[in-house]
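Visitor: Dropping the structure in here first, questions after.
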Amino acid sequence: MAQKGEVHLKEDLDGGPADTTISFALEGRDYEIDLCDANAEKLREALRPFVAAARKVPSGNGRRKRGAGTSTSSGETATIRAWANEHGHQVSDRGRIHQSVREAYCAAH
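In structure tokens, the structure reads:
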């Protein structure tokens with residue numbers, strides 16, 4: 001039997017439907033945020049003067065580092081997802097777990 005699933009993005013700012021995921025980095029940390037098209041454009045517009053004045057860093061040169069503790073194994077992700085479901089947090093069966101849920105999990109353990 002075949003199954004078909006749909007992924008619906010939820011906006012990280014206001015909880016409404018999101019159209020896109022924006023990835024960016026700041027001070028050596030990588031971030032992602034799910035936004036509707038209007039808020040994505042607001043973010044791009046706000047960053048535009050800084051991006052225009054910035055230097056591009058070649059990829060793969062080893063200069064950028066991930067922050068400590070940002071990687072999560074699939075086993076730990078499954079554990080966090082199960083804990084979140086048991087404690088009333090809304091998480092999807094797949095995809096990124098919102099940072100607030102991760103923080104709640106860490107605070108509980």
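In UniProt numbering, the protein residues as written are 1 to 109.
Beta carbons are placed, not taken as given, at the ideal position from N, Cα and C, and that holds for glycine.
It should be emphasised that the depicted structure is a prediction, and the values quoted were computed from it without experimental measurement.
1. Which residues mark the beginning and the end of the alpha helix (DSSP H) in which Asp37 is found?
2. Tell me, which residues are paired with Ser92 by DSSP?
3. Taking Cβ positions, are Val101 and His89 nearer each other than 7 Å?
4. Residue range of the beta strand (DSSP E) that Ser59 falls in?
5. Could you check the C-alpha separation between Gly67 and Asp30 for me, to the nearest Å?
6. Kindly confirm or deny that the stretch 75 to 85 and the stretch 53 to 60 touch, where touching means at least three C-beta pairs closer than 8 Å.
7. Tell me which same chain residues have a C-beta within less than 6 Å of the C-beta of Ser23, skipping the five on either side of it?
8. How about Thr20 and Ala2: do their beta carbons lie closer than 7 Å?
9. Can you give me the C-alpha to C-alpha distance between Gln99 and Asp93, rounded to a whole angstrom?
10. Alpha carbon to alpha carbon, how far is Gly75 from Ala108? Give it in angstroms, no decimals.
11. How big is the Cα-Cα spacing for Tyr105 and Asp12?
Guide: With the given structure in hand:
1. Looking at the DSSP string, the run of the alpha helix (DSSP H) that includes Asp37 is 37 to 53.
2. Paired residue(s): none; Ser92 is not in a bridge.
3. yes
4. Counting along the chain, Ser59 falls outside any beta strand (DSSP E), and DSSP gives it neither H nor E.
5. Because the pLDDT of Gly67 is 49, which lies under 50, any placement of that residue in the model is unreliable, and the number read from its coordinates should be weighed accordingly. Gly67 and Asp30: Cα-Cα distance of roughly 8 Å.
6. no
7. Glu32
8. no
9. So the two alpha carbons sit approximately 16 Å from each other.
10. Whole-angstrom Cα-Cα distance: 18 Å.
11. 18 Å
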